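Take the sequence shown: its position 258, counting from 1, is numbered 680 in this note's numbering, and each next residue is one higher.
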Amino acid sequence: MSHGQEGRLNIVHLTAHVGGGIGKALSSLIAGDQGSTHHVVCLEQPEKPQSVTQLQQLGAEVTVCPEPAMLAHILGQADIVQLEWWNHPATLQCLAGLDHLPLRLLSWCHVSGLFNPVLPQQLLSLCDKVVLTSPCSLQAASIASLQAVRPAQLAVISSGSGFAEQPLPVRRADEPLQLGYLGSLNFSKLHPRYVSYFSQVALPLTIRMAGDVLNQQVLQQQAVAIGKPDLLQFEGFTAQPARFLASINVLPYLLNPSHYGTAENALLEAMAMGVVPIVLANPAEQAVVRHGETGFVIDSAKEMAHTLQQLQQAPDWRLAIGQAASVQVREQFTSQAMAAAFARCYQAVLQQDKQARPFSQAIGSSPEQWFLSCQPHPQHFLQQQWPQLLAGDGRYALLEKTKGSVFHFHDHFPHNPALADWSRALACCNDN
């Protein structure tokens, strides 16, 4: 066993990129883990250089787009390879070329696997350890199958952390209700009928929407349709989420029931700052919000109206719920707890010998096979059953331009005929 400098473990993170939530998660882990050296290998050029700089400032080595020989050398030197898993085409392509490389493998799953995309069971069965980012993933079919055979292979470590360092704004009971939403307005994440949940609210209210301008027109039309043209105030993307969250006290965080998320950083960040969350009974949100204690879980417009009425009439109670939410998140989701949990996983993985993994048998050896390995209904693509694919709210994830969709894979592999056909046919069917 060849440990890194001064006998410390050498952990190599294999990731498509270090943008957004994944960059924040890796920064938190590396900041909390003083017992290992961390080398982050990015398979794509970073969109924002500061995401790489931040990792380097924490002491991590970062290699971007290495040639195959260099990649094999880096992975071969690792005590443990930590696969930062979601269904990115670059990741799948990379893995399919690593069949003959002996390594110890831990996978940290950054999607829930409950809907689209699924967590590929054959790939995860090749791992020495599979770490989920939310306990909700234990409900996923592929994870349940793994748990039945090798329960010790699984662990749950949230990718959300670092909230204790955020300033906690002073909140007062005499403040009026101030509602806001922070996050994507893409309907693969935001509930496509978000506005309808406010149709029975009698209180005069405005929800400040901090996010991209996508779907702004559709949402505004929905607000007009329920007779509340001033319901939504669109503020666009904010580079200062903490400042936005300090100015609201209730977060109606209503997501698409089939969304792919797990840790829900925007939700955790809001709770850490004492904002009261209102969520739907989706698995990922229910794993975070304790109904009636640190927020509210609703399932109808009637319940939304009742909850907001309660929060309006009992401001001291609203304040107490927000404070409890802040304590929960700040104490539960820390860099130190994350690093300690990973240290236990690393020690377990170290008991295994390095061995080669037949990745291409698990995920396939061609781009369309890589894509299908992460689809809940691959037969719909193979049999060109486009109406079935586009039924229900799950269609929004299928129509994403990125996020591992068929369009994302086609952009990555433009000369693959199957991906070209599928993306063209799916777009055509959706347009019609």
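Note that CB positions come from ideal geometry on N, CA and C, so glycine has one too.
These numbers were taken from a predicted model, which means no experiment stands behind them.
Taking residue i and residue j to be in contact with their CB atoms under 8 Å, please state how far apart those CB atoms are, rounded to whole angstroms.
i              : j              : result
glycine 658    : arginine 630   : Wrong, their Cβ atoms sit about 11 Å apart, outside the cutoff.
proline 591    : methionine 726 : Rounded, the Cβ-Cβ distance is 25 Å, inconsistent with contact.
glycine 744    : arginine 593   : 6 Å
valine 701     : glycine 717    : 7 Å
proline 542    : serine 564     : 7 Å
asparagine 678 : proline 614    : 6 Å
glutamate 506  : histidine 435  : 6 Å
leucine 545    : alanine 784    : 5 Å
alanine 518    : tryptophan 808 : Not a contact, Cβ separation roughly 27 Å.
leucine 730    : leucine 599    : 7 Å
What is the DSSP secondary structure of residue i, counted as helix, strand or coil?
i                 : result
phenylalanine 781 : helix
methionine 695    : coil
alanine 632       : strand
valine 486        : strand
glutamine 504     : strand
cysteine 796      : coil
asparagine 854    : coil
alanine 566       : helix
valine 540        : coil
serine 450        : helix
isoleucine 579    : coil
cysteine 549      : coil
threonine 824     : coil
leucine 560       : helix
glycine 445       : helix
glycine 602       : strand
serine 458        : strand
leucine 841       : helix
histidine 435     : strand
serine 788        : coil
serine 534        : coil
leucine 514       : helix
valine 463        : strand
serine 610        : coil
leucine 804       : helix
In chain order, what residues of the same chain lie with their CB nearer than 6 Å to the CB of residue i, ignoring the 5 residues before and after it?
i              : result
glycine 633    : Gly605, Ser606, Leu607
leucine 673    : Ala692, Val697, Pro699
alanine 685    : Thr555, Ser580, Ser581, Gly582
arginine 526   : Ile502, Asp550, Val771, Gln774, Lys776
alanine 500    : Asn432, Val434
glutamine 750  : Thr716
asparagine 687 : Gly443, Gly582
alanine 453    : Leu480, Ser757
glutamine 644  : Val617
cysteine 409   : The first residue shown for the chain is 423 and the last is 854, placing residue 409 beyond what the model contains.
serine 458     : Arg430, Leu431, Ile433
Could you tell me if residue i is buried or exposed, where buried requires 16 or more neighbouring beta carbons within 10 angstroms of its beta carbon?
i              : result
leucine 625    : exposed
leucine 804    : exposed
asparagine 637 : buried
proline 490    : exposed
leucine 811    : buried
glutamate 597  : exposed
cysteine 850   : exposed
alanine 447    : buried
histidine 830  : buried
glycine 535    : buried
histidine 522  : exposed
histidine 832  : buried
alanine 647    : exposed
valine 553     : buried
arginine 665   : exposed
threonine 824  : exposed
valine 571     : exposed
aspartate 455  : buried
glycine 445    : buried
Taking 8 Å as the limit between beta carbons, can you name the residues of its chain near residue i, skipping five residues before and five after?
i             : result
alanine 566   : Leu560
proline 468   : His439, Val440, Gly441, Val474, Val486
aspartate 721 : Leu702, Ala703
Ignore the nearest five residues each way along the sequence and tell me which others in residue i's own chain have a CB closer than 7 Å to its CB.
i              : result
glutamate 790  : Asn838, Ala840, Leu841
asparagine 852 : Leu812, Leu821
alanine 494    : Leu523
### Task
Note down, one range per segment and in chain order, each alpha helix (DSSP H) of at least 4 residues found wholly within the segment 645-691.
Taking 4 residues as the shortest admissible run, the segment 645-691 contains the following complete alpha helix (DSSP H) segments, listed from N- to C-terminal end: 663-668.
### Query
What are the uninterrupted segments assigned as alpha helix (DSSP H) that are 4 or more residues long and contained completely in the segment 708-777, given in chain order?
The qualifying runs are 723-735, 737-754, 757-772.
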